[in-house]
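Down below is the structure, laid out as structure tokens.
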Amino acid sequence: MIRKQLRVYQFTVCSNGVVNVNDGEITRSVRLDGADAARCSCGDDDCVHVRLVNEHPHIIREALVNSCDIVSVDGGNLIFEPSERGDRLVAFSDVSDWDGVTDALRKRGIGHGAVYHLPDF
Ligand SMILES: [Zn+2]
Numbered sequence: 394m395i396r397k398q399l400r401v402y403q404f405t406v407c408s409n410g411v412v413n414v415n416d417g418e419i420t421r422s423v424r425l426d427g428a429d430a431a432r433c434s435c436g437d438d439d440c441v442h443v444r445l446v447n448e449h450p451h452i453i454r455e456a457l458v459n460s461c462d463i464v465s466v467d468g469g470n471l472i473f474e475p476s477e478r479g480d481r482l483v484a485f486s487d488v489s490d491w492d493g494v495t496d497a498l499r500k501r502g503i504g505h506g507a508v509y510h511l512p513d514f
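Yeah, the sequence shown ends on 514 if you go by my numbering, and it's all consecutive.
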């Protein structure tokens with residue numbers, strides 16, 4: 394009988410939002426750009442690490458919380474990624490009322506189209 398060996402991956406999240414994926418031997422770092430797992434230190438464009446991070450929304454959420462500014466508004470939270478050219482809205486979280494969130498965006502001069510294309514955690 395052939396026993397299939399399953400790798401157990403462990404995730405840790407740094408204070409800068411980098412997700413570390415450990416397969417028991419090697420740790421790879423996956424950088425998040427907004428809500429998308431964008432880049433991995435292994436250098437493979439289609440690497441398993443980025444895919445694994447994408448399959449675990451709570452890991453992405455933790456990374457965003459660690460690296461971004463969370464602004465509570467009526468109806469939910471706006472998640473901003475700080476940048477040199479000003480904070481950039483990258484996601485939402487804990488949304489209970491999209492109308493309230495849309496109002497908050499309008500007050501900040503952000504187009505409400507963001508509610509359709511940015512992720513909600
Ligand atoms: Zn990788």
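Glycine residues also receive a C-beta, built at the ideal position from the N, C-alpha and C atoms.
- For I452, the secondary structure class from DSSP, reduced to helix, strand or coil, is helix.
- Put simply, the residues with a CB less than 5 Å from any heavy atom of ligand 1 are R421, C433, C435, C440 and H442, in chain order.
- Look at V412 here: in three-state DSSP terms it is strand.
- Measuring C-alpha to C-alpha distances from E474 to each of I452, S489, Q403 and N409 identifies N409 as the nearest.
- Under the three-state reduction of DSSP output, L425 falls in the strand class.
- For H442, the number of other beta carbons within 10 angstroms of its own is at least 16, and it is reported as buried.
- For G436, the secondary structure class from DSSP, reduced to helix, strand or coil, is coil.
- Proximity of the segment 438–452 to the segment 494–506 falls short of the contact definition, fewer than three beta-carbon pairs being nearer than 8 Å.
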